[in-house]
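Colleague:
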Amino acid sequence: MNSPIDENINCLPVISPVVGRFAPSPTGPLHFGTLLAALGSYLLAKQSGGRWLLRVEDLDPPRVVSGAADAMLILLEQLGFEWDGEVVFQSRRFERYRQVVEQLRQAGRVFDCSCTRREILASAPHPGEEGPVYSGTCRNGAQGTRAERAVRLLVDDEIISYRDGIFGSQEQHLEREVGDFVLHRVDGLYAYQLAVVVDDIDAGVTQVVRGADLLSSTARQIFLYRALGIKCPEYFHLPLAFGDNGKKLSKRNGDIGLVTVENGTNMLWRALQFLGQMPPQELLSATPGELIGWGVKHFRIAKISAENRPIDF
Ligand code: GLU
4 MNSPIDENIN CLPVISPVVG RFAPSPTGPL HFGTLLAALG SYLLAKQSGG RWLLRVEDLD
64 PPRVVSGAAD AMLILLEQLG FEWDGEVVFQ SRRFERYRQV VEQLRQAGRV FDCSCTRREI
124 LASAPHPGEE GPVYSGTCRN GAQGTRAERA VRLLVDDEII SYRDGIFGSQ EQHLEREVGD
184 FVLHRVDGLY AYQLAVVVDD IDAGVTQVVR GADLLSSTAR QIFLYRALGI KCPEYFHLPL
244 AFGDNGKKLS KRNGDIGLVT VENGTNMLWR ALQFLGQMPP QELLSATPGE LIGWGVKHFR
304 IAKISAENRP IDF
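Reading the sequence shown from the start, the letters are residues 4 to 316 in this note's numbering.
1. Following a CB-centred definition, is P64 positioned closer than 6 Å to any heavy atom of the ligand GLU?
2. For L57, name the three-state secondary structure that DSSP assigns.
3. Give the DSSP-derived three-state secondary structure of I12 in the structure shown.
4. Closer than 6 Å to a non-hydrogen atom of the ligand GLU - does that hold for the CB of E60?
5. Flag V199 as yes when its Cβ comes closer than 6 Å to any non-hydrogen atom of the ligand GLU, and as no otherwise.
6. Spatial neighbours of E310 within its chain, please: CB distance less than 7 Å, with the 5 preceding and 5 following residues excluded, ordered by chain position.
7. So if DSSP puts V103 in a beta bridge, which residue, or which two residues, is it bridged to?
8. Answer with buried or exposed for S44, where buried requires no fewer than 16 other C-beta atoms within 10 angstroms of its C-beta.
9. According to the Cβ coordinates, are L39 and V262 closer than 7 Å?
10. Given a threshold of 16 other Cβ atoms within 10 Å of its Cβ, counted over all protein chains shown, does R58 qualify as buried or as exposed?
11. Return the bridge partner residues of P130 from the DSSP annotation.
12. Taking 6 Å as the cut-off, is the C-beta of S94 nearer than that to any heavy atom in the ligand FAD?
13. Quick check on the DSSP output: the alpha helix (DSSP H) that includes E80 runs from which residue to which?
14. Within 6 Å: the Cβ of P27 and any heavy atom of the ligand GLU?
Right, dumping it as structure tokens:
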């Protein structure tokens, strides 16, 4: 389907000073995939003289691994990352998320949904990328059989188009590809899509640099910015590094790609290399901090190839 791509659509032009951020989920130790997001967001923010914020996305208690956030913060500091201001913890911001859902409710943008997973599946027009597309069953009053309610954001019959700074033009028809999406879950927890937008807005973030696995969430987030009447940041999605099993390198791959103080220089060097920056060989004997310093000077977005690919450790 053709649709006009309006590259300026409610996204901020490149402005100075930049406010970037790194927002890891504390579900395990720091691994290569997370290091890419830390490094990319840090270098891009710092080389324009901007600020770099740190947020711990401990939104979903069952997924949080005790001690993982502290260990990650200590390691980032040891590697030479310097964040600005206090670290934000999502687990302390539930009241703020509640206020924003209430604001959207007052504006008639959300509705309560009582559908069970099975009912959603049964009425889904077709499978979406991340599960069945919600068909709008409860838009005009809860029709499902569940006693508890989720709160969903009403989406439009409209294509969201934007330009990613690495992956280029993107578009998604939310109603057809996702459906009205959840902001407040039946289990009482707030959804990632809501928390990330509210936190970035409250912190004044102007630049989001993160892994390409979140490209498919970006249209939802832009839609949420619009619903709140706020301009969205610019987006840069970094290519994903796969393990040799073809899966995204993550905490679930065990020790492969785990970052430590001891292998910090090597991992940072490889991260720069993976991002196409071609760091000099002699930096393999530098300190992690020196490597990051080199990155701040030499990092160029244009050198990054927008291609998810394997990496061998
Ligand atoms: N917490 C997410 C993750 O660790 C990142 C969210 C974001 O950068 O928007 O994958």
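For each residue, glycine too, the CB sits at the ideal point set by N, CA and C.
Modeller: According to the structure shown:
1. no
2. strand
3. For I12, the pLDDT reaches just 49, beneath the cut-off of 50, and the residue's location in the model is therefore unreliable, although a value from the coordinates is still provided. Of the three classes helix, strand and coil, the one that applies to I12 here is coil, per DSSP.
4. yes
5. yes
6. P242
7. DSSP output for V103 lists no bridge partner at all.
8. buried
9. no
10. buried
11. P135
12. The ligand FAD is not among the ligands present in this structure, which contains only the ligand GLU.
13. A71 to L82
14. yes
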